[in-house]
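Enquirer:
In our numbering, the protein residues as written are 657 to 828.
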């Protein structure tokens, strides 16, 4: 029986590592592990942070209401084939809030520690415990939105990536 080469072993381990959940630097290893057990089957946290969740209240949406504090995960849910912001309470050991990244979502960062967007029931704000975690969540979110839009636009335009390169290269 042929033994796998060391090159293949490295490739396999690096692809596994890239699928690992991203922990919060503010939680202990045990707390991060507890959180990741709550994610569900075939769900991956692409970014994790400690936040306070604020939303506006109907009908005027004129003021912020603090809803809860917890561990926010930006989730890739492979079963539901979508991305979500999910907030977990580690004391209650459960998810307490969820928002899917819908088609035309616009996520903004008006302050280095604050991310906002329009949610299903009003405006949502995440007030982050650290600016570093806010930046990490924002970068991951914007990259995901950009990549999703690029894939969607390619499908809707009937373009296969790489198609037409022959003509461009031939004309040079």
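Glycine included, every Cβ here is placed at the ideal spot set by N, Cα and C.
Using a Cβ-Cβ cut-off of 7 Å (strictly less than) and excluding sequence neighbours within five positions of residue 796, which residues of its own chain qualify?
Expert: Within the chain shown, numbered from 1, the residue matching residue 796 stands at position 140. Contacts found: 702, 703, 730.
Enquirer: Given residue 657, which residues of its chain have a CB within under 6 Å of its CB, disregarding the five upstream and five downstream residues?
Expert: As a position in the chain shown, residue 657 is number 1, starting the count at 1. The predicted position of residue 657 is uncertain, since its pLDDT is 44 and thus under 50; no value can be drawn from it.
Enquirer: Could you tell me the alpha carbon to alpha carbon distance between residue 780 and residue 810, rounded to whole angstroms?
Expert: The count along the chain shown starts at 1 and reaches residue 780 at position 124. The count along the chain shown starts at 1 and reaches residue 810 at position 154. Using only the alpha carbons, I get a separation of about 30 Å.
Enquirer: Give the straight-line distance between the Cα atoms of residue 686 and residue 746, rounded to the nearest whole angstrom.
Expert: Reading the chain shown from its first residue, position 30 is the one you call residue 686. Reading the chain shown from its first residue, position 90 is the one you call residue 746. When rounded, the distance between both Cα atoms is 11 Å.
Enquirer: Do you know offhand how far residue 769's Cα is from residue 789's?
Expert: As a first step, residue 769 is located in the chain shown; it is residue number 113 there, counting from the start. As a first step, residue 789 is located in the chain shown; it is residue number 133 there, counting from the start. Straight-line Cα distance between these residues: approximately 8 Å.
Enquirer: Might you give, ordered along the chain, the residues of its own chain that have their beta carbon closer than 8 Å to the beta carbon of residue 721, omitting 5 neighbours on each side?
Expert: Taking the first residue of the chain shown as 1, we reach residue 721 at position 65. Cβ neighbours of residue 721 beyond the five flanking positions: 710, 711, 712, 713.
Enquirer: Per DSSP, what are the beta-bridge partners of residue 732 in this structure?
Expert: By 1-based counting over the chain shown, the position of residue 732 is 76. In the DSSP output, where bridge partners are listed per residue, residue 732 has 700, 739.
Enquirer: Starting from residue 762 and walking both ways along the beta strand (DSSP E), at which residues does that stretch end?
Expert: By 1-based counting over the chain shown, the position of residue 762 is 106. From DSSP, residue 762 is part of no beta strand (DSSP E); its letter is neither H nor E.
Enquirer: Around the C-beta of residue 673, are 16 or more other C-beta atoms found within 10 angstroms, so that it is buried, or is it exposed?
Expert: On the chain shown, residue 673 is found 17 positions in, with the first residue counted as 1. For residue 673, the pLDDT reaches just 41, beneath the cut-off of 50, and the residue's location in the model is therefore unreliable, leaving the point undetermined.
Enquirer: Residues in its own chain within less than 8 Å of residue 801 by CB, not counting five upstream and five downstream?
Expert: Along the chain shown, read from residue 1 onward, the residue named residue 801 stands at position 145. So the list reads 757, 761, 763, once near-sequence residues are dropped.
Enquirer: What three-state label does DSSP hand residue 795 in the structure shown?
Expert: As a first step, residue 795 is located in the chain shown; it is residue number 139 there, counting from the start. Note: residue 795 maps to helix in three-state DSSP.
Enquirer: In or out: residue 738 buried (at least 16 other Cβ within 10 Å) or exposed?
Expert: Start at 1 with the first residue of the chain shown, and residue 738 comes out as number 82. Classification for residue 738: exposed.
Enquirer: When we look at the beta-carbon of residue 755 and count the other beta-carbons within 10 Å, is it buried (16 or more) or exposed?
Expert: As a position in the chain shown, residue 755 is number 99, starting the count at 1. Buried, by the Cβ-count rule.
Enquirer: For residue 718, I'd like the list of residues in its chain whose CB is within less than 8 Å of its CB, leaving aside the five on either flank, ordered along the chain.
Expert: The residue given as residue 718 occupies position 62 in the chain shown. Answer for residue 718: 712, listed in chain order.
Enquirer: Mapping DSSP to helix, strand and coil, what is residue 669?
Expert: Residue numbering aside, residue 669 sits at position 13 when the chain shown is read from its first letter. The pLDDT assigned to residue 669 is 36, lower than 50, so where the model puts this residue is not dependable; a value taken from the coordinates is nonetheless given after this. If DSSP states are grouped into helix, strand and coil, residue 669 belongs with the helices.
Enquirer: Excluding the 5 residues preceding and the 5 following residue 743 in the sequence, name in chain order all residues of the same chain whose CB lies nearer than 6 Å to its CB.
Expert: Sequence index remark: in the chain shown, residue 743 carries index 87 (1-based). These residues qualify, in order along the chain: 709, 726, 728, 752, 753.
Enquirer: Within the same chain, show all residues whose beta-carbon is closer than 8 Å to that of residue 774, passing over the 5 residues directly before and after it, in chain order.
Expert: As a working note, residue 774 is residue 118 in the chain shown. Cβ neighbours of residue 774 beyond the five flanking positions: 761, 762, 780.
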